[in-house]
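Peer 1: Note that the numbering used here has the sequence shown beginning at 6, numbered continuously upward. Where a beta carbon is used, it is the ideal one built from N, C-alpha and C, also for glycine.
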Amino acid sequence: MKMHVTRMRSTSKETCLAYGRECNDDEEQEEEEEEEGRRERIIETEMETLISATLAVGRKKDTTDHSRRERRMRLQRLTLVTLMVSLFLLGSLGSMTTTRWQWTRRQSVPVVSSPHMDNGLEVSTADKPSMVDIPAPMPESTTVVAEAKAKPKARHWLPEQVLEQYKAQHSVDVLRSEAVTQDPALGTERKFIVGHYYCPDRAGNFLHDFADALLMAMLSNRTLVWKFADDQNYSPATNRKADCDKIMEMASWIPAWDEWRARYRLPEPLIITSRKYVKQYSGEGRFVPRDHSVVYSNHPVLRPHLIHHLSDPTEIWLGDVLLEQERAYTFASQLFGFENSSSYAKNMVPSLYEKGNAFLYGMLLRHSVVFKQDLINSIQPYVIEDRSPQKHQIIGIHSRHVGATNDGSHVDKEMTCLDGILEFHSRQIQHPWSESVRHCTLLVMSDRSATLDAIKVQGTQRNCSVVFLDHQEETSGANKYDMEHGPFAGAGFFRDWMMVAQAQAGFIHFHERSSSALVYESSTYDNIVDGIIDSPVPRCSIPKRGEPTFFNM
Numbered sequence: 006m007k008m009h010v011t012r013m014r015s016t017s018k019e020t021c022l023a024y025g026r027e028c029n030d031d032e033e034q035e036e037e038e039e040e041e042g043r044r045e046r047i048i049e050t051e052m053e054t055l056i057s058a059t060l061a062v063g064r065k066k067d068t069t070d071h072s073r074r075e076r077r078m079r080l081q082r083l084t085l086v087t088l089m090v091s092l093f094l095l096g097s098l099g100s101m102t103t104t105r106w107q108w109t110r111r112q113s114v115p116v117v118s119s120p121h122m123d124n125g126l127e128v129s130t131a132d133k134p135s136m137v138d139i140p141a142p143m144p145e146s147t148t149v150v151a152e153a154k155a156k157p158k159a160r161h162w163l164p165e166q167v168l169e170q171y172k173a174q175h176s177v178d179v180l181r182s183e184a185v186t187q188d189p190a191l192g193t194e195r196k197f198i199v200g201h202y203y204c205p206d207r208a209g210n211f212l213h214d215f216a217d218a219l220l221m222a223m224l225s226n227r228t229l230v231w232k233f234a235d236d237q238n239y240s241p242a243t244n245r246k247a248d249c250d251k252i253m254e255m256a257s258w259i260p261a262w263d264e265w266r267a268r269y270r271l272p273e274p275l276i277i278t279s280r281k282y283v284k285q286y287s288g289e290g291r292f293v294p295r296d297h298s299v300v301y302s303n304h305p306v307l308r309p310h311l312i313h314h315l316s317d318p319t320e321i322w323l324g325d326v327l328l329e330q331e332r333a334y335t336f337a338s339q340l341f342g343f344e345n346s347s348s349y350a351k352n353m354v355p356s357l358y359e360k361g362n363a364f365l366y367g368m369l370l371r372h373s374v375v376f377k378q379d380l381i382n383s384i385q386p387y388v389i390e391d392r393s394p395q396k397h398q399i400i401g402i403h404s405r406h407v408g409a410t411n412d413g414s415h416v417d418k419e420m421t422c423l424d425g426i427l428e429f430h431s432r433q434i435q436h437p438w439s440e441s442v443r444h445c446t447l448l449v450m451s452d453r454s455a456t457l458d459a460i461k462v463q464g465t466q467r468n469c470s471v472v473f474l475d476h477q478e479e480t481s482g483a484n485k486y487d488m489e490h491g492p493f494a495g496a497g498f499f500r501d502w503m504m505v506a507q508a509q510a511g512f513i514h515f516h517e518r519s520s521s522a523l524v525y526e527s528s529t530y531d532n533i534v535d536g537i538i539d540s541p542v543p544r545c546s547i548p549k550r551g552e553p554t555f556f557n558m
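#1: Provide the residue span of the alpha helix (DSSP H) that contains residue 396, from first to last.
#2: Give the straight-line distance between the Cα atoms of residue 211 and residue 445, rounded to the nearest whole angstrom.
#3: Counting Cβ pairs, one atom from each stretch, are 3 or more of them under 8 Å apart for the region 354-365 and the region 409-420?
#4: Rounded to the nearest angstrom, what separates residue 266 and residue 516 at their Cα positions?
#5: Could you give the DSSP three-state label for residue 193: helix, strand or coil?
#6: Please report the straight-line C-alpha distance between residue 468 and residue 182, rounded to a whole angstrom.
#7: Under three-state DSSP, which class holds residue 230?
#8: If distances are taken between C-alpha atoms only, which option among 207, 523 and 195 comes closest to residue 366?
#9: Buried or exposed: where does residue 378 fall if 16 or more other Cβ atoms within 10 Å of its Cβ makes it buried?
#10: Given that a residue counts as buried once 16 or more other Cβ atoms are within 10 Å of its Cβ, and exposed if not, what is residue 395?
#11: Helix, strand or coil for residue 202 per DSSP?
#12: Using a Cβ distance threshold of 8 Å, determine whether the region 163-171 contacts the region 537-544, with at least three qualifying pairs required.
#13: From the DSSP output, in three-state form, read off residue 544 for me.
#14: For residue 262, does the three-state DSSP call read helix, strand or coil?
#15: Under 8 Å by Cβ, that's how I've got residue 418 and residue 553 pegged, so tell me the actual separation to the nearest angstrom.
#16: Do residue 430 and residue 521 have their beta-carbon atoms positioned less than 9 Å apart in this structure?
#17: Out of curiosity, what's the CA-to-CA distance linking residue 548 and residue 175?
#18: Note the first and the last residue of the continuous beta strand (DSSP E) segment covering residue 473.
#19: Excluding the 5 residues preceding and the 5 following residue 556 in the sequence, name in chain order all residues of the same chain whose CB lies nearer than 6 Å to its CB.
#20: Are residue 389 and residue 510 closer than 9 Å when you measure CB to CB?
#21: When you compare the CB positions of residue 406 and residue 456, do they come within less than 9 Å of one another, or not?
#22: Mapping DSSP to helix, strand and coil, what is residue 221?
#23: Let's test the definition: count the other Cβ atoms within 10 Å of the Cβ of residue 382 and tell me whether it reaches 16, buried, or not, exposed.
#24: Just the Cα atoms here: how many angstroms apart are residue 526 and residue 227?
#25: Please report the distance separating the alpha-carbon of residue 463 from that of residue 473.
#26: Taking 6 Å as the limit between beta carbons, can you name the residues of its chain near residue 558, skipping five residues before and five after?
#27: Quick check: what's the CA-CA separation for residue 194 versus residue 251?
#28: Residue 464 lies in the alpha helix (DSSP H); which residues open and close that run?
#29: Checking 9 Å against the spacing of the C-beta atoms, do residue 576 and residue 274 come in under that value?
#30: Please state if the CB of residue 205 and the CB of residue 512 are separated by a distance shorter than 9 Å.
#31: Measure the CB-CB distance between residue 177 and residue 253 and report whether it falls below 9 Å.
#32: Just to confirm the assignment, what range does the alpha helix (DSSP H) spanning residue 449 have?
#33: Quick check: is the beta carbon of residue 369 nearer than 9 Å to any beta carbon in chain C?
#34: Identify, in the order they occur along the chain, each residue of the same chain with its Cβ nearer than 8 Å to the Cβ of residue 121, setting aside the five sequence neighbours on each side.
#35: If you run the structure through DSSP and keep just helix, strand and coil, what is residue 372?
#36: Which whole-angstrom value describes the C-beta separation of residue 504 and residue 384, a residue pair presumed to lie in contact below a C-beta threshold of 8 Å?
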């Protein structure tokens, strides 16, 4: 006697959608059907065994006076109970197995080539996917939107895969595991880059210094270690570590220079910060001796137009802060010497820059800088819960002024930018913003109180809500306008940064301001990984002279 048990199950497509994944219908359906068949065969075998045993019991000689009819009825009842128990077990087993399979698939790791450290981190560009259908791990730095919603990212972009592979070879956990099995007195074969940072003053320059150091560490396969400030460029009056620690810290995966320098008795870093040094040695094709284990990455040396004796800075909106794709490789290869491992960096660079410059630097910043919880809590009233393009046109404005004589009351160029961005969205017939009239919200940060007031008036006239933080002036006195963020310098800039980075419809800024870059890069990265947009945020740059210039429009 053979019994077949069937049950209804949801399609693999429905299962995928329930867990926010894209599906390969044929492959996943085949997997599920094969697993289902295996479970059914197990249950059928168990049921046949149970029923055979039951029949055997019924065939035993009956030593009592019960009739054959009573024995048959008892056998039927036992068979029915056995069938019901088996059906229950089948449903439970199927449910448990399906859940376990779904969890395993969600926790799978993207396949990226990862050779031994001596050969460097190599990512093949042949047939490389633009994304993998698994949720990406959240960056250690807590963004405003991530803190408010705690929503996992739906995709894992290729630049993030490269960064995760780098972490797998160079994180503090890896160093600690090596230290357990190695005698620190013998040193280490690792090579290091010391990335330093400052805060809160001039955060745009110094945090980009650190992002550049991380980029160079990835391209040269060196271990990045962090250090607060250095002896040459330290400004204790505006950049005290105690003040910075109240605002942010480096991500926990990044080793600290002070700790590992002492453990491995590392030599002094080779400091390559002066322009004189760069010009003096630029003709040699390499700045760092291969056998030098520690270098000190700093801002001036990461100016490709100086290194390559170019008359103009790189064609990037920040001018001399960021490294574009081609010069990033050229500079890294000259600085560290890639003659014997050129494929390593050549393959990695296109992968890192797959989503553009702003996405790359936004990723480097988000995976390096961790905002303190008190700072995050302070801007919670300004968090926009739903940043969907179907609901809002959210436009960020960073109005930055140079010189104490400019009170910031004139915002004509900011409004020219705003009108251009609004007109751009109104023309996009096929764009999500054009399907219906969206509410316009302006998120504004500035170093002048008069600017905030003027934009509020002008923005309201354009049917936009105007939002800016309720700052208490943190810097006072005659020189308060000399600070980078005016009277709101210090923690005020970081609060503004987190708030304005929610913009997804446009960003307005002054030309070549690294502080504006922090906001724009974070906004582009956050919006793309959150699935809100799929390309860099449109922006408008206001020059010192002349008319504004529009990008990504």
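Peer 2: Based on what the coordinates show:
#1: No residue range can be given for residue 396, since it is assigned to no alpha helix (DSSP H) and is classified by DSSP as neither H nor E.
#2: Between the C-alpha atoms of residue 211 and residue 445 there is a straight-line separation of about 33 Å.
#3: As far as the Cβ criterion goes, the region 354-365 does not touch the region 409-420, which means the pair count is below three.
#4: Rounded to the nearest angstrom, the gap between the Cα atoms of residue 266 and residue 516 is 39 Å.
#5: Here DSSP, grouped into helix, strand and coil, assigns residue 193 to coil.
#6: Straight through space, the alpha carbons of residue 182 and residue 468 are spaced by roughly 58 Å.
#7: It is a strand residue.
#8: Among 207, 523 and 195, the Cα nearest to that of residue 366 is on 523.
#9: Of the residues assessed, residue 378 falls on the exposed side of the cut-off, its CB having fewer than 16 other CB atoms within 10 angstroms.
#10: An exposed status is given to residue 395, since fewer than 16 other beta-carbon atoms sit within 10 Å of its beta-carbon.
#11: DSSP places residue 202 in the strand class (E or B) of the three-state scheme.
#12: Segment contact: the region 163-171 against the region 537-544, fewer than three CB-CB distances shorter than 8 Å; contact not assigned.
#13: In this structure, residue 544 counts as strand in the three-state DSSP scheme.
#14: In this structure, DSSP gives residue 262 a helical state, which the three-state scheme calls helix.
#15: With a Cβ gap of about 6 Å, residue 418 and residue 553 count as contacting.
#16: No; because the gap between Cβ atoms is not below 9 Å, this pair is not in contact.
#17: Each residue's alpha carbon lies about 41 Å from the other.
#18: Judged by DSSP secondary structure, residue 473 falls outside any beta strand (DSSP E); it is assigned neither H nor E.
#19: Non-local beta-carbon contacts of residue 556 in its own chain, meaning distances under 6 Å to residues more than five positions away in sequence, involve 544 in chain order.
#20: With contacts defined as CB atoms closer than 9 Å, residue 389 and residue 510 fail to qualify as a contacting pair.
#21: Yes.
#22: Reduced to three states, the DSSP call for residue 221 is helix.
#23: Label assigned to residue 382: exposed.
#24: Linking residue 526 to residue 227 through their CA atoms gives a straight-line distance of about 24 Å.
#25: Counting only the Cα atoms, residue 473 lies some 14 Å from residue 463.
#26: Hits under 6 Å: 429 and 543.
#27: Distance between the alpha carbons of residue 194 and residue 251 is about 36 Å.
#28: From DSSP, the alpha helix (DSSP H) with residue 464 extends over 454-466.
#29: Outside the displayed span of the chain (6 to 558) sits residue 576, for which this structure offers no information.
#30: No, these two residues do not count as a Cβ contact at 9 Å.
#31: For residue 177 and residue 253, no; Cβs fall outside 9 Å.
#32: Where residue 449 is concerned, there is no enclosing alpha helix (DSSP H), although the beta strand (DSSP E) around it starts and stops at 444-451.
#33: In summary, chain C is missing from the structure at hand, where a single protein chain is found.
#34: Only weak support exists for where residue 121 lies, its pLDDT of 31 falling under 50; the value from the coordinates is given anyway. Same-chain partners within the cutoff: there are none.
#35: Under the three-state reduction of DSSP output, residue 372 falls in the coil class, being neither helix nor strand.
#36: Rounded, the Cβ-Cβ distance is 5 Å, consistent with contact.
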